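S.K.: Pasting a structure below so you can have a look.
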Amino acid sequence: MPSRRNKKKFKQRTESEREKIIGLREGGFSYRAMGACGRRNSSTEQLGAGWSTATGVPMSASSIRRRLLHRRLSAKVPLYKILLTANHQRLRLQWAHEHKA
Numbered sequence: 001m002p003s004r005r006n007k008k009k010f011k012q013r014t015e016s017e018r019e020k021i022i023g024l025r026e027g028g029f030s031y032r033a034m035g036a037c038g039r040r041n042s043s044t045e046q047l048g049a050g051w052s053t054a055t056g057v058p059m060s061a062s063s064i065r066r067r068l069l070h071r072r073l074s075a076k077v078p079l080y081k082i083l084l085t086a087n088h089q090r091l092r093l094q095w096a097h098e099h100k101a
């Protein structure tokens, strides 16, 4: 394994970006909180496309999901879902019987 990193593969941060990150860390923000400020609603395919254009190295959606889960970053899941009323259930069942093949 080479002793030095190939710096061409990694995007170098500007001085202002470094200062912003250091300031957020000193202000008590975790990496998770800083990451939440980013593109939280992006799909793994969009993140993979952004990664491959920035680095030139392709990464699959499953690899991105695995890495996010490893860092305890996952998709937001609603706390509850609205249940169907009795009338909606009846109409839905009626529709299913009418469209049964």
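The sequence shown maps to residues 1 to 101 in the UniProt record's numbering.
Yeah, the Cβ is synthetic: ideal placement off N, Cα and C, and Gly gets one too.
This structure is a prediction, so every number in the text was calculated from the model and none was measured.
Under the assumption that A61 contacts G50 (Cβ atoms under 8 angstroms), give the Cβ distance between them as a whole number of angstroms.
M.R.: Contact doesn't hold; Cβ gap of about 12 angstroms is too wide.
S.K.: Considering only heavy atoms of the ligand NAD, does any lie closer than 8 angstroms to the CB of Q12?
M.R.: With respect to small molecules bound, the structure shown includes none, and the ligand NAD cannot be examined in it.
S.K.: Suppose you measure from the CA of E98 to the CA of L84; what does that come to, to the nearest Å?
M.R.: Cα-Cα distance, rounded: 19 angstroms.
S.K.: May I ask you to report which of helix, strand or coil DSSP gives A101?
M.R.: coil
S.K.: Enumerate in chain order the residues of its own chain whose CB-to-CB distance from S52 is below 8 angstroms, with the five nearest sequence positions on each side excluded.
M.R.: The answer, listed in chain order, is P58 and M59.
S.K.: Determine the extent of the alpha helix (DSSP H) in which S63 is found, giving its start and end residues.
M.R.: Run containing S63: A61 to H70, per the alpha helix (DSSP H) assignment.
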